[in-house]
Amino acid sequence: MAHAAAEIETLNSFLRGEISAVETYRLATKHIETPVAKTEVEACLHDHEARVASLKERIEKLGGSPASGSGVWGIFAKAVQAGADLLGEKRAIDALEEGEDHGLADYNRDVDKLHGEARTFVRQQLLPAQKQTHGRLSRLKHNPNLH
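To convert, note that position 95 of the sequence shown is 111 in our numbering; the numbers rise steadily by one, no gaps.
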């Protein structure tokens, strides 16, 4: 049982990160005006929302209770976003990329704490999806038409 509890806690840690990403993207969308940026940021938001749903479902299957909030990461995300609020679209995109870097690092750091199906789920579904979202935002940040 301790094994399942540890897996649930690791998945909940990923879930809190994803909830934080959703909150941050929702805040950032208020500062994104360029059509291409708006499209990409909204796509990233939907990617994170899908990962929230997948993680909640997986945690429930393991008999756990999904985290309902983002905890400390939410506070961190709001602080990062507060800086973006003052500086407009470019800073908002920079803040989002910083969050994507952080999310990718979390998955890479903690995936091996999981075993069996949970590890496979993260390695084959969540981690590739996070890499794709990270790449999308990175390309957006370096788009010469946005500055």
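In this text, a Cβ means the ideal position worked out from N, Cα and C, and glycines have one as well. Keep in mind it's a predicted model, so treat the numbers as computed, not measured.
Burial state of residue i (16 or more Cβ within 10 Å)
i: residue 72; result: buried
i: residue 52; result: exposed
i: residue 128; result: exposed
i: residue 39; result: buried
i: residue 78; result: exposed
i: residue 34; result: buried
i: residue 32; result: buried
i: residue 23; result: buried
i: residue 83; result: buried
i: residue 37; result: buried
i: residue 134; result: buried
i: residue 86; result: buried
Rounded straight-line distance, which links the Cα of residue j to that of residue i
i: residue 48; j: residue 144; result: 26 Å
i: residue 126; j: residue 147; result: 15 Å
i: residue 132; j: residue 112; result: 32 Å
i: residue 107; j: residue 74; result: 34 Å
i: residue 157; j: residue 19; result: 40 Å
i: residue 109; j: residue 153; result: 8 Å
i: residue 137; j: residue 159; result: 32 Å
i: residue 30; j: residue 59; result: 20 Å
i: residue 124; j: residue 114; result: 16 Å
i: residue 21; j: residue 64; result: 24 Å
i: residue 130; j: residue 80; result: 15 Å
CB of residue i within 8 Å of CB of residue j, strictly
i: residue 44; j: residue 57; result: yes
i: residue 149; j: residue 105; result: no
i: residue 50; j: residue 120; result: no
i: residue 41; j: residue 27; result: no
heavy atom of the ligand HEM below 7 Å from residue i C-beta
i: residue 30; result: Looking for the ligand HEM in the displayed structure turns up nothing, as the structure carries no ligands at all.
Do the stretch 135–143 and the stretch 70–85 make contact, defined as three or more Cβ pairs closer than 8 Å? yes
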